[in-house]
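Numbering (the numbering used here), first residue to last: 1 to 113.
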C-alpha cells in the first residue's frame, strides 16, 4: 500500500510538472487611427451634401444651406416611397394629399407643388 501511495504521489507530481502555467494576458494592441478623409471633389452644381447614414456626420458639402429645386433623384425617391407604401397597402391612389397654403399660393404648377 505504501508503494502504491508513493507511485500515486510521483504520478501526480509528474503530471503537475507537465501542466503549463496559465498564460499572462497580453493587452490587445490599440486600434489603428482611422485614415483621414480625402478632400471632397468639386462638382458643377448649385449645392450638395454627403452624410454618413449611420452617424449623420456630414462628410462633404458645397453650399449645403442654399435652397434649390428638388433634383430628379428626389422625385424618383418620392415615387419609390409611394409605390412601396401602395404595395404595403398603407396608401391608396384615391387618398387625398395635403398641399400647404404656401405651396398653393406660389402657383408653381401641379408637378412642382
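Note that CB positions come from ideal geometry on N, CA and C, so glycine has one too.
Since I believe residue j is in contact with residue i (beta carbons under 8 Å), could you give me their beta-carbon distance rounded to a whole number of angstroms?
i          : j          : result
residue 50 : residue 59 : 5 Å
Identify whether residue i lies in helix, strand or coil by the three-state DSSP scheme.
i           : result
residue 58  : strand
residue 79  : helix
residue 105 : helix
residue 100 : coil
residue 86  : helix
residue 74  : helix
residue 113 : Its pLDDT being 43, under 50, residue 113 is placed unreliably by the model, and nothing is read from it.
Residue j and residue i - do their beta-carbons sit closer together than 7 Å?
i          : j          : result
residue 46 : residue 76 : no
residue 62 : residue 72 : no
residue 85 : residue 93 : no
Name the one or two DSSP bridge partners that residue i has.
i          : result
residue 48 : 62
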